[in-house]
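Undergrad:
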Amino acid sequence: MKRVIKTLMLTAAVAVVLAPMPARADGFFVPWVGSGFGSNIKNGQTTVGVSAGSMGAGIVGGEADFGWSPSFFGSQSDFGNNTVMNLMGNLILGVPVGGQHGMGIRPYAVGGIGVIRTQIDGGTVAKVSSSDNQFGWDAGAGVMGYFANHIGIRGDLRYLRATHALNTGVSAVDLNGNTLHYWRASIGVLFR
120 MKRVIKTLML TAAVAVVLAP MPARADGFFV PWVGSGFGSN IKNGQTTVGV
170 SAGSMGAGIV GGEADFGWSP SFFGSQSDFG NNTVMNLMGN LILGVPVGGQ
220 HGMGIRPYAV GGIGVIRTQI DGGTVAKVSS SDNQFGWDAG AGVMGYFANH
270 IGIRGDLRYL RATHALNTGV SAVDLNGNTL HYWRASIGVL FR
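Residue numbers (this note's numbering): 120 to 311.
#1: Does the beta-carbon of Ser-188 have 16 or more other beta-carbons within 10 angstroms, so that it is buried, or is it exposed?
#2: If I measure Cβ to Cβ from Gly-157 and keep anything under 7 Å in the same chain, skipping five residues before and after, which residues do I get?
#3: Taking the CB atoms as reference points, tell me whether Ser-249 and Ile-239 lie closer together than 7 Å.
#4: Alpha carbon to alpha carbon, what distance is there between Phe-147 and His-269?
#5: Hey, could you find the ends of the beta strand (DSSP E) Ala-267 is sitting in?
#6: In the DSSP assignment, the beta strand (DSSP E) including Leu-309 goes from what residue to what residue?
#7: Compare the Cα-Cα distances from Gly-223 to each of Ala-281, Ile-306, Arg-273, Leu-299 and report the closest residue.
#8: In the DSSP assignment, find the beta strand (DSSP E) that holds Met-174 and state where it starts and stops.
#9: In the DSSP output, which residue or residues are listed as bridge partners for Ser-250?
#10: So, is Thr-166 buried or exposed, given that buried needs 16 or more other C-beta atoms within 10 angstroms?
#11: Which one of Tyr-265, Arg-280, Gln-253, Ala-171 has the shortest CA to CA distance from Leu-210?
#12: Expressed to the nearest angstrom, what Euclidean distance is found between the alpha-carbon atoms of Leu-285 and Ser-190?
#13: Answer yes or no: do Gly-377 and Ala-281 have a C-beta to C-beta separation smaller than 7 Å?
#14: Can you find the residues in the same chain that come closer than 6 Å, C-beta to C-beta, to Ala-304, ignoring five residues on each side of it along the sequence?
#15: Can you say whether Phe-192 is buried or exposed, counting buried as having 16 or more other CB atoms within 10 angstroms of its CB?
#16: If we count the other Cβ atoms within 10 Å of its Cβ and call it buried at 16 or more, is Val-229 buried or exposed?
#17: What is the rounded straight-line gap between the Cα of Gly-199 and the Cα of Leu-206?
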């Protein structure tokens with residue numbers, strides 16, 4: 120009889136642990152526009168992109184961030200077609216003020232690692248073509264503000280830095296002794 124009771128208790132414990140629970144994640148999708156600045160290259164370059172992620176029931180979450188900066192190094196007449204793209208996987212720490220439903224704000228800090236790709240295709244100053252996939256990291260902070268259950272605005276400021284080329288392990292785009300680095304300020308429509 121004791122063995123039957125133990126088996127039933129163990130079965131009940133396993134059933135409770137494996138039972139489906141309602142999802143408590145706070146998913147989001149943000150198309151954004153911004154500006155790259157603060158490096159030793161031409162400042163104020165337009166950047167566009169999209170971020171998507173999820174915040175757990177607490178304060179920890181994650182996101183994937185993609186950004187594209189056309190003519191990042193300067194005009195097409197001088198540098199030809201040139202772009203910088205980034206794809207980062209980030210950890211987010213943010214406290215929801217006002218809850219996770221309806222109106223509210225969530226200030227957050229963000230940071231992660233990923234790839235920064237540079238592409239230069241000819242021009243009058245840069246007569247060579249080159250592209251590099253570089254290991255990089257980003258860190259920053261921002262605020263998510265919700266007007267209703269499913270829509271809001273997000274603004275943030277991030278620092279992005281390349282560390283080395285992924286394919287060779289040597290320094291990538293080197294500007295006066297520094298690898299590629301810049302700040303990005305962005306604002307976007309937030310869908311939850």
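The beta-carbon is built from N, C-alpha and C at its ideal position, and this holds for glycine as well.
TA: Working from what's here:
#1: buried
#2: Tyr-301, Trp-302
#3: yes
#4: 9 Å
#5: That residue, Ala-267, is in no beta strand (DSSP E); it is neither H nor E in DSSP.
#6: 300-310
#7: Arg-273
#8: 164-174
#9: Gln-238
#10: buried
#11: Ala-171
#12: In this prediction, Leu-285 scores a pLDDT of 49, lower than 50, which makes its location untrustworthy; the coordinate-derived value is nonetheless stated afterwards. Rounded to the nearest angstrom, the two C-alpha atoms are 23 Å apart.
#13: Because the chain here runs from 120 to 311, residue 377 falls outside it and cannot be looked at.
#14: Gly-153, Ser-154, Leu-276
#15: buried
#16: buried
#17: 23 Å
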